[in-house]
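A.B. asks:
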Amino acid sequence: MRFGILINEGPYQHQASDSAYLFTKAALEEGHEVPRIFFYMDGVNNATRLQEPQQDDRNIVRRWSQLAETHGIDLVVCVAAALRRGIKDEVLAPGFRISGLGQLVEIGIQADRLVTFGD
Amino acid sequence: MRFGILINEGPYQHQASDSAYLFTKAALEEGHEVPRIFFYMDGVNNATRLQEPQQDDRNIVRRWSQLAETHGIDLVVCVAAALRRGIKDEVLAPGFRISGLGQLVEIGIQADRLVTFGD
Amino acid sequence: MLHTVNKSPMQTNDLASCLAHLGDGRLLLIEDGVYGAIAGTGAAKQLAAPASEGRVYVLGPDLEARGVDQSTVADGVQVVDYNGFVRLVAEHGPHQAWV
Amino acid sequence: MLHTVNKSPMQTNDLASCLAHLGDGRLLLIEDGVYGAIAGTGAAKQLAAPASEGRVYVLGPDLEARGVDQSTVADGVQVVDYNGFVRLVAEHGPHQAWV
Amino acid sequence: MSDEFEDDFPGEVKRFMFVNRKAPHGTIYALESLEVVLISAAFDQDVSLAFLDDGVFQLRKGQNANVLEMKNFAPTYRALEGYDIEKLYVERESLEERGMTTDDLVVPVEVVDRARMTALMAEQEVVMSF
Amino acid sequence: MSDEFEDDFPGEVKRFMFVNRKAPHGTIYALESLEVVLISAAFDQDVSLAFLDDGVFQLRKGQNANVLEMKNFAPTYRALEGYDIEKLYVERESLEERGMTTDDLVVPVEVVDRARMTALMAEQEVVMSF
Numbered sequence: 001m002r003f004g005i006l007i008n009e010g011p012y013q014h015q016a017s018d019s020a021y022l023f024t025k026a027a028l029e030e031g032h033e034v035p036r037i038f039f040y041m042d043g044v045n046n047a048t049r050l051q052e053p054q055q056d057d058r059n060i061v062r063r064w065s066q067l068a069e070t071h072g073i074d075l076v077v078c079v080a081a082a083l084r085r086g087i088k089d090e091v092l093a094p095g096f097r098i099s100g101l102g103q104l105v106e107i108g109i110q111a112d113r114l115v116t117f118g119d
Numbered sequence: 001m002r003f004g005i006l007i008n009e010g011p012y013q014h015q016a017s018d019s020a021y022l023f024t025k026a027a028l029e030e031g032h033e034v035p036r037i038f039f040y041m042d043g044v045n046n047a048t049r050l051q052e053p054q055q056d057d058r059n060i061v062r063r064w065s066q067l068a069e070t071h072g073i074d075l076v077v078c079v080a081a082a083l084r085r086g087i088k089d090e091v092l093a094p095g096f097r098i099s100g101l102g103q104l105v106e107i108g109i110q111a112d113r114l115v116t117f118g119d
Numbered sequence: 001m002l003h004t005v006n007k008s009p010m011q012t013n014d015l016a017s018c019l020a021h022l023g024d025g026r027l028l029l030i031e032d033g034v035y036g037a038i039a040g041t042g043a044a045k046q047l048a049a050p051a052s053e054g055r056v057y058v059l060g061p062d063l064e065a066r067g068v069d070q071s072t073v074a075d076g077v078q079v080v081d082y083n084g085f086v087r088l089v090a091e092h093g094p095h096q097a098w099v
Numbered sequence: 001m002l003h004t005v006n007k008s009p010m011q012t013n014d015l016a017s018c019l020a021h022l023g024d025g026r027l028l029l030i031e032d033g034v035y036g037a038i039a040g041t042g043a044a045k046q047l048a049a050p051a052s053e054g055r056v057y058v059l060g061p062d063l064e065a066r067g068v069d070q071s072t073v074a075d076g077v078q079v080v081d082y083n084g085f086v087r088l089v090a091e092h093g094p095h096q097a098w099v
Numbered sequence: 001m002s003d004e005f006e007d008d009f010p011g012e013v014k015r016f017m018f019v020n021r022k023a024p025h026g027t028i029y030a031l032e033s034l035e036v037v038l039i040s041a042a043f044d045q046d047v048s049l050a051f052l053d054d055g056v057f058q059l060r061k062g063q064n065a066n067v068l069e070m071k072n073f074a075p076t077y078r079a080l081e082g083y084d085i086e087k088l089y090v091e092r093e094s095l096e097e098r099g100m101t102t103d104d105l106v107v108p109v110e111v112v113d114r115a116r117m118t119a120l121m122a123e124q125e126v127v128m129s130f
Numbered sequence: 001m002s003d004e005f006e007d008d009f010p011g012e013v014k015r016f017m018f019v020n021r022k023a024p025h026g027t028i029y030a031l032e033s034l035e036v037v038l039i040s041a042a043f044d045q046d047v048s049l050a051f052l053d054d055g056v057f058q059l060r061k062g063q064n065a066n067v068l069e070m071k072n073f074a075p076t077y078r079a080l081e082g083y084d085i086e087k088l089y090v091e092r093e094s095l096e097e098r099g100m101t102t103d104d105l106v107v108p109v110e111v112v113d114r115a116r117m118t119a120l121m122a123e124q125e126v127v128m129s130f
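Residue numbers (my numbering), protein chains in the order written: chain A, 1 to 119; chain B, 1 to 119; chain C, 1 to 99; chain D, 1 to 99; chain E, 1 to 130; chain F, 1 to 130.
1) Whose C-alpha, out of B:Phe3, B:Tyr12 and B:Arg49, is nearest the C-alpha of aspartate 42 (chain B)?
2) Is there a Cβ from chain C that is less than 8 angstroms from the Cβ of valine 67 (chain E)?
3) To the nearest whole angstrom, what separates the beta carbons of arginine 60 (chain E) and methionine 10 (chain C), a pair I think is in contact under 8 angstroms?
4) Can you give the beta carbon distance from valine 34 (chain D) to leucine 59 (chain D), rounded, assuming they're within the 8 angstroms contact cut?
5) Any C-beta of chain A within less than 8 angstroms: which residues of the region 48 to 69 of chain B qualify?
6) Report the neighbours of aspartate 18 (chain B) on chain E: residues whose CB is nearer than 8 angstroms to its CB, in chain order.
7) Work out the CA separation of asparagine 46 (chain A) and lysine 71 (chain F) for me, nearest whole Å.
8) With three or more C-beta pairs closer than 8 angstroms as the rule, is the region 90 to 99 of chain B touching the region 28 to 38 of chain F?
9) Output yes if chain B places a C-beta closer than 8 angstroms to the C-beta of asparagine 20 (chain E); else output no.
10) Hey, is glycine 93 (chain C)'s beta-carbon within less than 8 angstroms of any beta-carbon in chain B?
11) Taking Cβ positions only, does glutamate 31 (chain D) come closer than 8 angstroms to chain A?
12) Which residues does DSSP pair with glycine 4 (chain B) in a beta bridge?
13) Quick check on valine 99 (chain D) - is its C-beta less than 8 angstroms from some C-beta in chain A?
14) Is there a C-beta anywhere in chain E that falls below 8 angstroms from the one on histidine 71 (chain B)?
15) DSSP has asparagine 20 (chain E) in a bridge; who is on the other side?
16) Using a C-beta cutoff of 8 angstroms, does alanine 111 (chain B) count as contacting chain C?
17) In chain order, what residues of the same chain lie with their CB nearer than 6 angstroms to the CB of arginine 55 (chain C), ignoring the 5 residues before and after it?
18) With a threshold of 6 angstroms on Cβ separation, who are the neighbours of arginine 92 (chain E) within its own chain once the five nearest residues in sequence on each side are excluded?
19) According to DSSP, simplified to helix, strand and coil, what is aspartate 44 (chain E)?
20) Looking at chain A, is there any beta carbon in it that lies within less than 8 angstroms of the beta carbon of valine 44 (chain B)?
21) In terms of alpha-carbon separation, which member of D:Thr12, D:Val68, D:Pro50 and D:Ile30 lies closest to threonine 4 (chain D)?
22) Compare the Cα-Cα distances from phenylalanine 51 (chain F) to each of F:Tyr77, F:Gly11, F:Glu69 and F:Gln63 and report the closest residue.
23) Nearest to methionine 117 (chain F) by alpha carbon, out of F:Gln63, F:Ser48 and F:Pro75?
24) Can you grab the Cα-Cα spacing for the pair phenylalanine 5 (chain F) / arginine 113 (chain B), in whole Å?
25) Could you tell me the boundaries of the beta strand (DSSP E) in which serine 94 (chain F) lies?
26) May I ask you to report which of helix, strand or coil DSSP gives methionine 1 (chain C)?
27) Got a sec: which bits of the region 79 to 105 of chain E sit with their beta carbon under 7 angstroms from any beta carbon on chain D, in order along the chain?
28) Just tell me which of C:Ala97, C:Gly36 and C:His92 has its CA closest to the CA of aspartate 24 (chain C).
29) So what's aspartate 56 (chain A) in DSSP terms, helix, strand or just coil?
30) What residue range does the alpha helix (DSSP H) around alanine 80 (chain A) cover?
31) For glutamate 61 (chain C) and valine 77 (chain B), what's the separation of their Cα atoms in angstroms?
32) Could you say if the region 6 to 26 of chain B and the region 58 to 69 of chain B meet the contact criterion of at least three C-beta pairs nearer than 8 angstroms?
33) Return the residue from the list B:Gln110, B:Arg2, B:Thr48 and B:Tyr40 that minimises the CA-CA distance to serine 65 (chain B).
34) Over what stretch of residues does the alpha helix (DSSP H) that includes glutamine 100 (chain C) continue unbroken?
35) Starting from alanine 65 (chain C), find everything on chain E with Cβ-Cβ shorter than 9 angstroms and list it in chain order.
36) Quick check on phenylalanine 23 (chain B): does DSSP put it in helix, strand or coil?
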């Protein structure tokens with residue numbers, strides 16, 4: 001099956017990003033495809049390459065970049081939500097791109113399942 | 001009186017930043033001092049100068065910078081929370097500085113009232 | 001002590017918990033918490049006792065933003081603006097946010 | 001339909017609302033929602049009916065993170081891991097998050 | 001993305017439901033739900049909006065978020081009809097618990113009871129919850 | 001900051017209370033509360049911690065957040081005594097509603113009823129809620 005993932009909260013503050021990551025890894029393990037993850041609202045804060053968590057903590061942004069590279073996942077950040085929060089091309093981590101909300105509706109149509117993680 | 005303000009949520013997602021701003025403006029109008037506002041957890045996302053909200057929306061970050069300049073408010077961003085979320089000196093808006101949690105405890109001691117805005 | 005509640009009483013237990021710990025303190029409803037001030041709702045009944053003693057307030061701008069007319073606010077609940085919020089903290093602080 | 005609830009039933013009305021709209025769907029408790037699966041609590045009673053029909057699940061890693069032993073989970077509630085979460089969405093989707 | 005991923009898109013129509021359960025203004029969820037609804041109209045999908053729990057407050061008349069320097073987006077619900085989005089379902093029990101009637105709403109809606117809302121949700125292919 | 005603002009700091013001791021009402025791990029609030037508590041110890045303040053509502057889950061034994069790749073901070077509560085932070089108040093009603101007793105907690109605490117918790121809150125000079 002093809003899974004689309006929607007993430008509505010930023011990293012660290014809520015568990016949403018963590019749950020979405022562990023779900024996505026498991027979906028890939030189970031042999032499914034995850035063509036696209038869409039980052040909306042505070043979810044766009046998952047996309048900054050400036051993040052520098054403590055040594056003993058997980059690096060949520062890097063996990064996304066690595067997962068995307070290994071599995072060819074399209075990490076799309078909502079442009080309006082991103083501009084409002086200061087997420088721009090100049091701070092974007094590898095694997096992320098900024099685009100419109102149409103990319104969310106499109107994956108809703110194309111995927112067999114859309115799974116939402118928020119607060 | 002001297003008011004300290006603590007903000008625990010980022011701009012736009014929750015009303016906390018808006019409420020804190022309108023409260024701070026009113027406190028100054030009422031003749032009180034607001035020596036310091038401390039930005040903790042997702043609150044650190046109030047401090048990025050890269051933000052670019054839509055024309056017809058409020059610019060939350062710029063409001064803070066202007067208020068700080070006019071009234072000499074010390075806008076302090078928690079360093080550990082900021083690093084984790086990619087808020088660094090290179091993206092800091094005018095009037096903000098990055099420092100430790102001690103600055104929060106200190107304003108708790110020095111202010112007559114500490115007022116918290118979160119989710 | 002000035003307590004603030006910023007969540008709708010239909011969505012979270014924050015108002016209920018705050019009221020259970022209000023003692024002789026003051027309560028100000030802000031943000032989505034202002035829905036708790038609408039007369040006739042279950043929340044309004046919960047806060048009737050402290051309201052009758054003049055210890056419950058609601059933030060007017062948050063009511064207006066949400067289309068809740070001041071005439072529908074429960075008996076005894078006093079509407080204040082942000083300057084009133086500041087005065088409440090000054091007079092009745094410390095502040096405890098039931099976030 | 002696979003429903004997920006990620007909030008504690010003592011803090012928000014999300015579990016109650018989800019159960020009121022569950023119909024013949026499946027429910028998976030995740031994140032802070034897993035506290036709803038502890039036997040003997042008010043929440044566990046609310047979900048006893050669909051649980052007895054094998055339609056309620058709880059995410060094991062979220063239980064373990066919170067120190068809730070699987071032996072304390074209410075009767076009929078099935079513990080799954082993330083792979084099980086994926087299979088539930090695949091078999092019983094679409095997904096509705098009661099966020 | 002593979003070509004296959006691009007090619008099977010045109011013409012497909014799915015049943016999308018936007019489930020709105022949060023009050024407006026306290027969080028951005030209500031506003032951002034409306035943004036996705038508007039975009040989904042451009043994709044010619046079969047779109048429904050469900051308002052239940054505190055989500056019914058989103059449709060309340062007389063809102064003026066400008067007093068908070070925030071966007072006043074409630075009038076936008078009236079524009080949905082122009083985008084052929086006409087399925088707005090409001091749950092009767094949620095309205096009643098909040099002392100509201102359809103007279104309090106900014107836009108005509110279909111009021112449904114909880115059982116009907118449950119059935120409508122179960123019919124969907126894509127659900128986005130805000 | 002004015003000199004006056006700096007000068008009246010040394011030696012002042014206030015009653016600080018950290019009010020913990022949220023479950024751990026679902027949000028970062030519990031972890032970040034603990035961080036401020038640790039810093040406040042360095043400032044020699046009169047520090048109390050209150051655990052009520054879902055905040056009592058923060059002290060639950062057997063937590064292992066590593067399974068989620070997250071920090072497992074529950075053991076840190078046991079280190080508070082080393083910083084002379086000894087006033088940990090847990091509300092009896094909150095424990096009971098969750099089917100818990102002090103045997104379920106990682107650290108010795110003082111269990112207080114709701115009336116006593118209310119009185120303790122009212123005695124504070126600075127309250128931080130997480």
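A virtual CB, placed ideally from N, CA and C, is assigned to each residue, including glycine.
C.D. replies: So, from the data block:
1) B:Tyr12
2) yes
3) With 8 angstroms as the limit, arginine 60 (chain E) and methionine 10 (chain C) do not qualify as a contact, their Cβ atoms being about 14 angstroms apart.
4) 6 angstroms
5) Thr48, Arg49, Leu50, Gln51, Glu52, Pro53, Gln54, Asp57 and Val61
6) Leu68, Glu69 and Met70
7) 18 angstroms
8) no
9) no
10) yes
11) yes
12) B:Arg36 and B:Leu114
13) yes
14) no
15) E:Phe51
16) no
17) Arg26
18) Val111 and Asp113
19) coil
20) no
21) D:Ile30
22) F:Tyr77
23) F:Ser48
24) Caution applies to phenylalanine 5 (chain F), whose pLDDT of 44 falls short of 50 and renders its modelled position unreliable; the value that the coordinates give is listed next. In a straight line, the C-alpha of phenylalanine 5 (chain F) is about 14 angstroms away from that of arginine 113 (chain B).
25) First-last for serine 94 (chain F): 92 to 97, but that is the alpha helix (DSSP H), not the beta strand (DSSP E).
26) coil
27) none
28) C:His92
29) coil
30) 79 to 85
31) Reading off the sequence shown, one finds proline at residue 61 (chain C), where the question assumed glutamate. C-alpha separation (whole angstroms): 28 angstroms.
32) yes
33) B:Thr48
34) Since the displayed chain C opens at 1 and closes at 99, residue 100 (chain C) lies outside it and no answer follows.
35) Pro24, His25, Gln63, Asn64, Ala65, Asn66, Val67, Leu68, Met70 and Asn72
36) helix
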